[in-house]
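Presented below is the structure to which this report refers.
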Amino acid sequence: MPFTPPRESYSGKIFEETIGSGPKAITVGGENVLPFHSFEGATPHKPVIAFEVQDVPPEDWPEVVKEVYKGVSGDPVTWAKYCIEKLGAETIALRLVGTHPDRQNFSPDEAAETVRKMLAAIDVPLIILGSQHAEKDSSVLIKCAEAAKGTNSVLGKAQEANHKTIVAAAMANDLKLIAMSELDINLSKQLNILITQMGFDKAKLMTDPMSSALSYGLEYTYSVMERIKLAALAQNDPTLQPPILADVGMMVWKVKETQAPEADMPAWGSLKDRGIAWEAVTAASFLIAGAEVLIMRHPDSINAVKKFIAEMEV
Amino acid sequence: MALTGVEIFKLLPKTNCKKCGQPTCLAFAMKLAQRQASLDQCPDVSAEAKQKLGEASAPPIRPIKLGTGDRAVKMGEETVLFRHEKKFVNPCALAVAMKDTASGADAQKLIDAVLGSEIDRVGQKLRIDAIAITNDSGDPGKFEAMAKLVAEKAPAVAVILSTTSPDAAEAALKHFSNKGAVLYGANASNLDAMAAWAKAAKATLGIAAASLDELSDLTEKAKAAGVEDMVIDSGARKAGEIIRDNTLIRRAAIKKNVKSVGYPVITFAMRDDNMLETLVASAAIAKYSSIVVLSSMEKWKDLALFSLRQNIYTDPQVPMQVEQKIYKIGEPGPEAPFMITTNFSLTYFIVSGEIENSKVPARLAVLDSEGLSVLTAWAAGKFTASKIAQFIKESGIEGELGGTKELIIPGYVAILSGSIEDKLEGWKITVGPREANGLPAFLKSRVA
Ligand code: B12
Ligand code: SF4
Numbered sequence: 006m007p008f009t010p011p012r013e014s015y016s017g018k019i020f021e022e023t024i025g026s027g028p029k030a031i032t033v034g035g036e037n038v039l040p041f042h043s044f045e046g047a048t049p050h051k052p053v054i055a056f057e058v059q060d061v062p063p064e065d066w067p068e069v070v071k072e073v074y075k076g077v078s079g080d081p082v083t084w085a086k087y088c089i090e091k092l093g094a095e096t097i098a099l100r101l102v103g104t105h106p107d108r109q110n111f112s113p114d115e116a117a118e119t120v121r122k123m124l125a126a127i128d129v130p131l132i133i134l135g136s137q138h139a140e141k142d143s144s145v146l147i148k149c150a151e152a153a154k155g156t157n158s159v160l161g162k163a164q165e166a167n168h169k170t171i172v173a174a175a176m177a178n179d180l181k182l183i184a185m186s187e188l189d190i191n192l193s194k195q196l197n198i199l200i201t202q203m204g205f206d207k208a209k210l211m212t213d214p215m216s217s218a219l220s221y222g223l224e225y226t227y228s229v230m231e232r233i234k235l236a237a238l239a240q241n242d243p244t245l246q247p248p249i250l251a252d253v254g255m256m257v258w259k260v261k262e263t264q265a266p267e268a269d270m271p272a273w274g275s276l277k278d279r280g281i282a283w284e285a286v287t288a289a290s291f292l293i294a295g296a297e298v299l300i301m302r303h304p305d306s307i308n309a310v311k312k313f314i315a316e317m318e319v
Numbered sequence: 188m189a190l191t192g193v194e195i196f197k198l199l200p201k202t203n204c205k206k207c208g209q210p211t212c213l214a215f216a217m218k219l220a221q222r223q224a225s226l227d228q229c230p231d232v233s234a235e236a237k238q239k240l241g242e243a244s245a246p247p248i249r250p251i252k253l254g255t256g257d258r259a260v261k262m263g264e265e266t267v268l269f270r271h272e273k274k275f276v277n278p279c280a281l282a283v284a285m286k287d288t289a290s291g292a293d294a295q296k297l298i299d300a301v302l303g304s305e306i307d308r309v310g311q312k313l314r315i316d317a318i319a320i321t322n323d324s325g326d327p328g329k330f331e332a333m334a335k336l337v338a339e340k341a342p343a344v345a346v347i348l349s350t351t352s353p354d355a356a357e358a359a360l361k362h363f364s365n366k367g368a369v370l371y372g373a374n375a376s377n378l379d380a381m382a383a384w385a386k387a388a389k390a391t392l393g394i395a396a397a398s399l400d401e402l403s404d405l406t407e408k409a410k411a412a413g414v415e416d417m418v419i420d421s422g423a424r425k426a427g428e429i430i431r432d433n434t435l436i437r438r439a440a441i442k443k444n445v446k447s448v449g450y451p452v453i454t455f456a457m458r459d460d461n462m463l464e465t466l467v468a469s470a471a472i473a474k475y476s477s478i479v480v481l482s483s484m485e486k487w488k489d490l491a492l493f494s495l496r497q498n499i500y501t502d503p504q505v506p507m508q509v510e511q512k513i514y515k516i517g518e519p520g521p522e523a524p525f526m527i528t529t530n531f532s533l534t535y536f537i538v539s540g541e542i543e544n545s546k547v548p549a550r551l552a553v554l555d556s557e558g559l560s561v562l563t564a565w566a567a568g569k570f571t572a573s574k575i576a577q578f579i580k581e582s583g584i585e586g587e588l589g590g591t592k593e594l595i596i597p598g599y600v601a602i603l604s605g606s607i608e609d610k611l612e613g614w615k616i617t618v619g620p621r622e623a624n625g626l627p628a629f630l631k632s633r634v635a
């Protein structure tokens, strides 16, 4: 008996969003089916991976990933250019951790200067991230948004606590915006609604439902992403139709599995391969669950995930 | 399609005799429709009804065991497409391929690695579940020799015998009669012979198709030949094909009750690029494969795949938890450090593991916080000063401790220290490190 494939079609569609400008601009989203389900609908754009770069040297990153950027990570622009020219980065995510009051406490003007220099030096799309200190981020991201006016960069992250100022800044300077809430589909929806009620175009949003690492809450992020995708497609819920962003590297490179030397944990095997696999498996799982933008750190994990994405095309 | 309660009711004796434990036949029919009862609870059901209902009430994906004894792995029985709907039931088995062209020494090395692959992870014992012997030589003699070696050296490990030659199948299966083996490689040209050998050895038949159409055709033919237990392969090899075929198979089985694909799926993920293989295997674990065959095993790769499998197959409603009590680590005396944490399994195993690493005997109080991590529990009001104080008071620990009553709390909830001190009279509250990996240094510095 021939097999009748039970295909599904959905009424909803993920917003198609372009980030950056010029020949290196990148478009994500646009699909009207679940991730990689090209056999039953349109999946016009591949997921994109941004290399994470910071405004201060990555002292707190584990050796396995820190050593890759030795020699370039002293300066964010040099670091980013290295990622683009030597490692093939198609997008850069600049994390302004140095603005955190417990770190260097850089001022908003200093942060904006870094953004300005970065934008002048690179031609790929830029994702501008604060230090995730809700209060400080609102002042820092206002200035950074001004510095990035008209570049179609992505600004983030707006959280419930600070979204008002950050949304206004993104709107005034015509930027894309990441909205982050804490691992709950209703919180994601609610924040997206609050943001659009301020007049922000929902087709310029990206949803970060909050990442986690393999073995450290991955199943929560995974299921929230799947639920968001189903609500966006099957229920045609426009408040959940922005593309999903997964901030993977920062979650992965702090867990013990990416740090403990093999001498301490002989049953866990090679530290280098383990760290790379930890980041790559976390990332690939989130792609399957629904992420279309990933922020990652190790070039080898990024390469593995790129090959994986290529294999998804049938 | 599965039968509705009313359709089932029509087939029952309609005597309302209550022997099934339900007040009426209709009530029992409703329970059956929801899969909350099993047909054998009604002693009076007719043979005809049994046959009709049996077919309709069988799980959409046939339950099958891989291997025997303690290490046997259950497969199939899944009921949903997405893990947030309901817990995925039977975690995917991981198998490693062994070519029958491998040297004796290499084969022995792989067997040792499989036998030594077990690790404890968040309270569960995880391991490579099976060896897949592949007939690369094309020679039945070599295939049998390798099968014999595995049967002798690793009698408890489940095997998958992968060949398209019925002669090789017959020879190798002699060593795995009644052992829950899989004979993989049944295709259009060898089906009858392969089915016969699988039946003779009470093995599961692995269907090797080249498309979904051919797959459903072959399983029906195998069934007609009397084979009940099968694992199925549509021929999908690229990651995108795996996602596509596994999705279509799972949907057809669960939503349309298509019996010809209602079997566990076997996926071959082997790649020259080991990191890519790890990711393809990850996709197969997340999306519905019941057996994933790998080309090699390395400890880092095992750990990552075990962890993903554990994450995907946890209950989405109930986080993994440990019992609320005061755990002793080593042999703590009255003056040994006394710490508190939550009952989320992951938290408990990380913290107790680090205390063990420190080699400092200690006590660890685990408060029932409904399986939430420290910060989540704190944010949700389940790890509060009054709960902690009450637990400590009621635990009777005061009697076990010496003069100084000191409680060490997780660094992330330093904010609680004052209010716990207020509620626990005579106690000193000390804020420990934030991350558990700071515990060894912290504990050692205190005894020094
Ligand atoms: C997964 C997760 C969830 C899961 C729950 C998982 C679970 N079983 O607990 C879900 C989705 C349900 C959830 C819900 C919520 N969450 Co939550 N969640 C997380 C997440 C991503 C990971 C938590 C985790 O598993 N950590 C791993 C475990 C092992 O960590 P841990 O228990 O803290 O243990 C470590 C240390 O504390 C230390 N330690 C532990 N015990 C001890 C003991 C001693 C003596 C010492 C010294 C050290 C020590 O060692 C461990 C390893 O280093 C974190 C963010 C993050 N990345 O950390 C947010 C996080 C904890 N959640 C948060 C919040 C706010 C919530 C919600 C209130 C929000 C909401 N969505 O409604 C709810 C509350 C839950 C409820 N029922 O109402 C916040 C808490 C903010 C704060 N600072 O208080 C966090 C930090 C996210 C954030 N950045 O805002 N969450
Ligand atoms: S035991 Fe059978 S006949 Fe008796 S009430 Fe239950 S279903 Fe009806």
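Residue numbers (this note's numbering), protein chains in the order written: chain S, 6 to 319; chain H, 188 to 635.
For each residue, glycine too, the CB sits at the ideal point set by N, CA and C.
Note that the structure is a prediction, hence the values are computed from the model and not measured.
*In three-state terms, what does DSSP make of R232 of chain S?*
For the purposes of this step, residue 232 of chain S is taken as the residue at position 227 of the first sequence. DSSP places R232 of chain S in helix when its eight states are reduced to three.
*Which of helix, strand or coil does DSSP assign to L399 of chain H?*
Within the second sequence, numbered from 1, the residue matching residue 399 of chain H stands at position 212. Correct three-state label for L399 of chain H: helix.
*Helix or strand or just coil, what does DSSP make of S351 of chain H?*
Here residue 351 of chain H refers to the residue found at position 164 of the second sequence. First, the residue type needs correcting, since residue 351 of chain H is Thr and not Ser in the sequence shown. Coil, per DSSP.
*Measure from the alpha carbon of T119 of chain S to the alpha carbon of each residue in S:D107, S:V102 and S:A288, then state which is nearest.*
The residue given as residue 119 of chain S occupies position 114 in the first sequence. Among S:D107, S:V102 and S:A288, the Cα nearest to that of T119 of chain S belongs to S:V102.
*asked:* Any beta carbon from chain H within less than 7 Å of M301 of chain S's own beta carbon?
replied: For the purposes of this step, residue 301 of chain S is identified with residue 296 of the first sequence, where counting begins at 1. Cβ-Cβ to chain H under 7 Å: no for M301 of chain S.
_Is the beta carbon of V260 of chain H closer than 7 Å to that of A280 of chain H?_
By 1-based counting over the second sequence, the position of residue 280 of chain H is 93. By 1-based counting over the second sequence, the position of residue 260 of chain H is 73. A contact, by the Cβ cut-off of 7 Å.
*How far does the beta strand (DSSP E) with E297 of chain S in it reach, from first residue to last?*
Indexing the first sequence from 1 puts residue 297 of chain S at position 292. Unbroken beta strand (DSSP E) run through E297 of chain S: A296 to M301.
*Could you confirm whether any beta carbon from chain S is found closer than 7 Å to the beta carbon of E428 of chain H?*
As a working note, residue 428 of chain H is residue 241 in the second sequence. Yes, E428 of chain H lies at the interface with chain S (some Cβ there is under 7 Å from its Cβ).
*First and last residue of the alpha helix (DSSP H) that includes A220 of chain H?*
By one-based count along the second sequence, residue 220 of chain H stands at place 33. Where A220 of chain H is concerned, the enclosing alpha helix (DSSP H) stretches over C212 to A220.
*7 Å Cβ cutoff met for G263 of chain H and A220 of chain H*: Here residue 263 of chain H refers to the residue found at position 76 of the second sequence. Here residue 220 of chain H refers to the residue found at position 33 of the second sequence. Not closer than 7 Å, so no.
*Please name the residue, chosen from H:E622, H:M462, H:N433 and H:L490, that lies closest to F44 of chain S on a Cα-to-Cα basis.*
Locating residue 44 of chain S in the first sequence gives position 39, counting from the first residue. Out of H:E622, H:M462, H:N433 and H:L490, H:N433 has the C-alpha closest to the C-alpha of F44 of chain S.
*DSSP three-state call for D287 of chain H: helix, strand or coil?*
Within the second sequence, numbered from 1, the residue matching residue 287 of chain H stands at position 100. D287 of chain H falls in the coil class under three-state DSSP.
*For E407 of chain H, I'd like the list of residues in its chain whose CB is within less than 7 Å of its CB, leaving aside the five on either flank, ordered along the chain.*
Taking the first residue of the second sequence as 1, we reach residue 407 of chain H at position 220. The answer, listed in chain order, is S447.
_Local conformation of F20 of chain S per DSSP, three classes_ = Walking along the first sequence from the start, residue 20 of chain S turns up at place 15. Coil at F20 of chain S, not helix or strand.
*Along the chain, where does the beta strand (DSSP E) that runs through A251 of chain S open and close?*
Along the first sequence, read from residue 1 onward, the residue named residue 251 of chain S stands at position 246. Here the beta strand (DSSP E) through A251 of chain S covers I249 to D252.
*Nearest to A572 of chain H by alpha carbon, out of H:A412, H:D316, H:T528 and H:T391?*
Taking the first residue of the second sequence as position 1, residue 572 of chain H is located at position 385. Nearest option by C-alpha distance: H:T528.
*Roughly how far, in whole angstroms, is the beta-carbon of P113 of chain S from the beta-carbon of V61 of chain S, given that I think they are within contact range, below 8 Å?*
Reading the first sequence from its first residue, position 108 is the one you call residue 113 of chain S. Reading the first sequence from its first residue, position 56 is the one you call residue 61 of chain S. The Cβ separation is near 16 Å, so there is no contact.
_Cβ-based burial, E464 of chain H [other Cβ within 10 Å; buried from 16]_ = Translated into positions along the second sequence, residue 464 of chain H becomes position 277. So E464 of chain H counts as buried.
*asked:* Output needed for K610 of chain H: all residues of its chain with C-beta closer than 7 Å, excluding positions within five of it in sequence on either side, in chain order.
replied: The sequence position of residue 610 of chain H within the second sequence is 423, counting from 1. Within the same chain, K610 of chain H has close Cβ partners A572, S573 and A576.
*Beta-carbon proximity of I394 of chain H to I430 of chain H, cut-off 7 Å*: Reading the second sequence from its first residue, position 207 is the one you call residue 394 of chain H. Reading the second sequence from its first residue, position 243 is the one you call residue 430 of chain H. No, the Cβ-Cβ distance between I394 of chain H and I430 of chain H is not below 7 Å.
*Within the 7 Å Cβ cut-off, does A289 of chain S reach chain H?*
What you label residue 289 of chain S is simply residue 284 of the first sequence in a count that begins at 1. Cβ-Cβ to chain H under 7 Å: yes for A289 of chain S.
*Which residues, taken in chain order from the stretch 171-184 of chain S, show a beta carbon closer than 7 Å to some beta carbon of chain B?*
In the structure shown, chain B does not exist; the protein chains are S and H.
_For Q311 of chain H, list the residues DSSP reports as bridge partners._
Stepping through the second sequence from its first residue, residue 311 of chain H is reached at position 124. The partner list for Q311 of chain H (beta bridge, DSSP) reads H:R308.
_Beta-carbon spacing of T501 of chain H, S476 of chain H below 7 Å_ = As a first step, residue 501 of chain H is located in the second sequence; it is residue number 314 there, counting from the start. As a first step, residue 476 of chain H is located in the second sequence; it is residue number 289 there, counting from the start. Result no, Cβ atoms of T501 of chain H and S476 of chain H do not sit closer than 7 Å.
*Since M462 of chain H is in the alpha helix (DSSP H), which residue starts that stretch and which ends it?*
Here residue 462 of chain H corresponds to residue number 275 of the second sequence, with the count starting at 1. Looking at the DSSP string, the run of the alpha helix (DSSP H) that includes M462 of chain H is N461 to A473.
_Can you confirm whether the stretch 380-395 of chain H touches the stretch 271-279 of chain H when touching is taken to mean that 3 or more C-beta pairs between the two stretches lie within less than 8 Å?_
no
*Would you check whether the ligand B12 has a heavy atom nearer than 6 Å to the C-beta of F531 of chain H?*
Along the second sequence, read from residue 1 onward, the residue named residue 531 of chain H stands at position 344. The answer is yes for F531 of chain H.
*asked:* Can you give me the C-alpha to C-alpha distance between E585 of chain H and K592 of chain H, rounded to a whole angstrom?
replied: Taking the second sequence and counting its residues from 1, one reaches residue 585 of chain H at position 398. Taking the second sequence and counting its residues from 1, one reaches residue 592 of chain H at position 405. Taking the straight line from one Cα to the other gives about 7 Å.
*Based on the DSSP secondary-structure assignment, which residues constitute the bridge partners of L490 of chain H?*
As a first step, residue 490 of chain H must be located in the second sequence, where it is residue number 303. Bridge partners of L490 of chain H: none, in fact.
*Interface flag, E318 of chain S vs chain H, CB-CB below 7 Å*: In the first sequence, residue 318 of chain S corresponds to position 313, counting from 1. Yes, contact with chain H.
*Name the chain H residues that come within less than 8 Å of H50 of chain S, Cβ to Cβ?*
The sequence position of residue 50 of chain S within the first sequence is 45, counting from 1. Result: empty, since nearest Cβ-Cβ is about 15 Å, beyond 8 Å.
*Taking Cβ-Cβ distances shorter than 8 Å, what residues in chain H pair up with H42 of chain S?*
The residue you call residue 42 of chain S lines up with position 37 of the first sequence. The answer, in chain order, is I430, R431 and T434.
_Cβ closer than 7 Å: which chain H residues qualify as neighbours of P11 of chain S?_
Position 6 of the first sequence, counted from the start, is the residue given in the question as residue 11 of chain S. Under the 7 Å cutoff, chain H gives L435, R438, A439, K442 and K443.
*Rank H:A375, H:V344 and H:S376 by C-alpha distance to the C-alpha of V369 of chain H and give the top, closest one.*
The residue you call residue 369 of chain H lines up with position 182 of the second sequence. For V369 of chain H, the nearest C-alpha among the options comes from H:V344.
*Quick one: what's got a C-beta closer than 8 Å to A265 of chain S's C-beta in the same chain, skipping five residues either side?*
The residue you call residue 265 of chain S lines up with position 260 of the first sequence. Result list for A265 of chain S: W273 and L276, in chain order.
*Can you list the residues of chain H that E231 of chain S reaches, using a CB-CB cut of under 9 Å?*
Here residue 231 of chain S refers to the residue found at position 226 of the first sequence. Neighbours of E231 of chain S on chain H, chain order: F269, R270 and H271.
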